[in-house]
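**Student:**
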Amino acid sequence: MRRRRFFAWGLGVAACAAGCGTERATGGVPGLRARFSINPEGRRWTRVGHVFADVARATGYQIGAGTKVTLTGLPALAAAEVNSAQTLLDTTTPLSRLSGDVEVVVVPGDSRFRDFEDFGAQLLARPGQMPLAGGPEGEPDHLLFGLIAKGLGADTRQVDYTGYPSSQEAATALLSGKAKAAAGLLADWRAGIGAGRVRVLAVSSARRVAELDVPTLLESGVRVDFADWVAAFGPLAMPDGAREAAIRMCDDVTGSPAWDAACRSEGWVSIPLSGDDFELWLSSEVERTRAVLRDLGLLDKP
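The working numbering puts the first residue of the sequence shown at 9, with every later residue one more than the last.
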């Protein structure tokens with residue numbers, strides 16, 4: 009199968025590696041005296057908000073009333089683009105990328121697609137005849153299939169994708185034959201994978217997932233490194249001192265053994281990147297998201 013090598017600016021390569029150009033603080037007195045209020049933007053970020061706040065407390069920070077830090081992520085960024093709203097760069101002060109959920113491409117256990125090579129060949133040859141499923145249109149699952157199609161060299165606008173409100177409904181569509189493949193968070197598909205109802209063809213992360221004997225998209229010839237990420241943001245026009253203290257707090261949290269342990273327990277990937285480096289990466293992520301939404305026909309061409 010011929011593949012066009014498409015480089016999607018991804019986690020860890022769009023900007024510098026984590027920490028490049030950003031002075032790391034280790035929790036000195038000024039940071040430890042700061043008070044922060046940790047606010048998940050919506051229900052999907054409630055769990056990571058609780059974990060982040062707990063680790064911050066354990067690291068010595070006072071969490072409650074104080075400088076507002078909002079946790080939000082890729083779905084909010086994509087929704088802003090679809091709704092022609094201002095981006096996170098326009099409405100917040102970017103502080104730090106924190107963690108991400110790995111996505112998987114799955115097929116029914118008895119699918120004729122033996123591996124990603126088979127699936128990719130069919131998607132490349134007949135994108136309009138390959139019904140795909142996942143979360144709502146324009147959200148990470150849909151974005152991932154758009155990046156995969158573009159990476160393969162397929163006509164992205166012909167991708168036949170149906171979005172569902174929940175992973176359970178996407179699984180029902182997949183197992184009933186309404187879809188040939190689906191994308192979603194690994195955490196949401198674990199039960200089906202364990203029971204053998206679905207098989208994983210590839211994972212979206214740059215590195216393989218320990219418990220899955222399947223390749224990454226990068227190994228499969230699609231230059232995509234992708235995660236449903238979450239990050240910390242401060243208020244717009246945040247004073248320099250408050251921004252620096254909040255970044256120091258984020259660095260102390262994501263650099264702690266407690267955070268690494270929590271990410272392993274929750275099945276998240278720790279992907280810290282803060283300060284100016286994070287803001288640079290976020291700019292590229294806005295452009296990548298905007299481009300794939302346009303390729304999928306969800307945005308007007310410029």
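Positions of the beta carbon are idealized from the N, C-alpha and C atoms, including for glycine. Only a predicted model underlies this, so the values are computations on that prediction, with no experimental measurement involved.
Pick helix, strand or coil for A214, following the three-state DSSP scheme.
**Tutor:** Translated into positions along the sequence shown, residue 214 becomes position 206. Coil.
**Student:** Would you list the one or two residues that DSSP bridges to N47?
**Tutor:** Reading the sequence shown from its first residue, position 39 is the one you call residue 47. Looking at the DSSP assignment, N47 forms a beta bridge with T78.
**Student:** Based on the DSSP secondary-structure assignment, which residues constitute the bridge partners of A187?
**Tutor:** Within the sequence shown, numbered from 1, the residue matching residue 187 stands at position 179. Paired residue(s): none; A187 is not in a bridge.
**Student:** What's the C-alpha gap between A195 and S107?
**Tutor:** As a first step, residue 195 is located in the sequence shown; it is residue number 187 there, counting from the start. As a first step, residue 107 is located in the sequence shown; it is residue number 99 there, counting from the start. Their Cα atoms are separated by approximately 14 angstroms.
**Student:** With a Cβ-Cβ cutoff of 8 angstroms, do P223 and F124 count as a contact?
**Tutor:** Walking along the sequence shown from the start, residue 223 turns up at place 215. Walking along the sequence shown from the start, residue 124 turns up at place 116. For P223 and F124, yes; Cβs fall inside 8 angstroms.
**Student:** Mind checking S45: buried by the 16 CB within 10 Å criterion, or exposed?
**Tutor:** Counting from 1 along the sequence shown, the entry for residue 45 is found at position 37. It counts as exposed.
**Student:** Could you give the C-beta distance for A311 and V77, rounded to a whole number, given that I count them as a contact under 8 angstroms?
**Tutor:** There is no way to answer for residue 311, as the model of the chain reaches only from 9 to 310.
**Student:** To the nearest whole angstrom, what separates the beta carbons of D189 and V113, a pair I think is in contact under 8 angstroms?
**Tutor:** Residue mapping note: residue 189 aligns to position 181 of the sequence shown, counting from 1. Residue mapping note: residue 113 aligns to position 105 of the sequence shown, counting from 1. For the sequence presented, residue 189 should be read as Ala rather than Asp. Going by Cβ atoms, the distance from A189 to V113 rounds to 6 angstroms, so yes, they are a contact pair.
**Student:** Report back the beta-carbon spacing between V208 and L220 to the nearest angstrom; my notes put them in contact at under 8 angstroms.
**Tutor:** Within the sequence shown, numbered from 1, the residue matching residue 208 stands at position 200. Within the sequence shown, numbered from 1, the residue matching residue 220 stands at position 212. Confirmed, Cβ separation roughly 6 angstroms.
**Student:** Are the Cβ atoms of L304 and V90 separated by less than 8 angstroms?
**Tutor:** The residue labelled residue 304 in the question sits at position 296 within the sequence shown. The residue labelled residue 90 in the question sits at position 82 within the sequence shown. Cβ atoms of L304 and V90: not closer than 8 angstroms.
**Student:** Whole angstroms are fine: how far does the CA of A64 sit from the CA of M257?
**Tutor:** Within the sequence shown, the letter at position 249 stands for residue 257. Within the sequence shown, the letter at position 56 stands for residue 64. Straight-line Cα distance between these residues: approximately 7 angstroms.
**Student:** Where does the unbroken beta strand (DSSP E) through A42 begin, and where does it stop?
**Tutor:** Position 34 of the sequence shown, counted from the start, is the residue given in the question as residue 42. No beta strand (DSSP E) holds A42; DSSP gives it neither H nor E.
**Student:** Going by alpha carbons, who is nearest to D98 out of P243, S282, I255, G263?
**Tutor:** On the sequence shown, position 90 is the one that residue 98 refers to. When each option's Cα is compared against that of D98, the closest is P243.
**Student:** Would you mind sorting P173 into buried or exposed? The rule is 16 or more other CB atoms within 10 Å of its CB.
**Tutor:** Indexing the sequence shown from 1 puts residue 173 at position 165. Exposed is the call here.
**Student:** Taking all protein chains shown into account, do 16 or more other C-beta atoms lie within 10 angstroms of the C-beta of P265, making it buried, or fewer, making it exposed?
**Tutor:** In the sequence shown, the residue the question calls residue 265 occupies position 257. Flag for P265 reads exposed.
**Student:** In angstroms with no decimal places, state the Cα-to-Cα distance between G200 and L183.
**Tutor:** Here the question's residue 200 lines up with position 192 in the sequence shown. Here the question's residue 183 lines up with position 175 in the sequence shown. C-alpha separation (whole angstroms): 10 angstroms.
**Student:** For the segment 102 to 174, which segments carrying the beta strand (DSSP E) assignment without a break, of at least 3 residues, lie completely within its bounds, in sequence order?
**Tutor:** Runs found: 111 to 116, 140 to 142, 169 to 171.
**Student:** When burial is assigned at 16 or more other CB atoms within 10 Å of the CB, is T297 buried or exposed?
**Tutor:** Within the sequence shown, numbered from 1, the residue matching residue 297 stands at position 289. Label assigned to T297: buried.
**Student:** What does the Cβ neighbour count give for V37, buried or exposed, with the cut at 16 atoms within 10 Å?
**Tutor:** Counting from 1 along the sequence shown, the entry for residue 37 is found at position 29. Caution is warranted here: a pLDDT of 40 is assigned to V37, below 50, making its placement in the model unreliable, and the coordinate value is therefore given only provisionally. Exposed, because fewer than 16 other Cβ atoms sit within 10 Å of the Cβ of V37.
**Student:** Output the residue ranges of the alpha helix (DSSP H) runs that lie fully inside the segment 202 to 282 and measure 4 residues or longer, sorted by chain position.
**Tutor:** Listed in chain order, the complete alpha helix (DSSP H) runs (minimum 4 residues) inside the segment 202 to 282 are 248 to 262, 265 to 274.
**Student:** Name, in chain order, the residues that DSSP records as bridge partners for Q70.
**Tutor:** By one-based count along the sequence shown, residue 70 stands at place 62. Q70 is bridged to R43.
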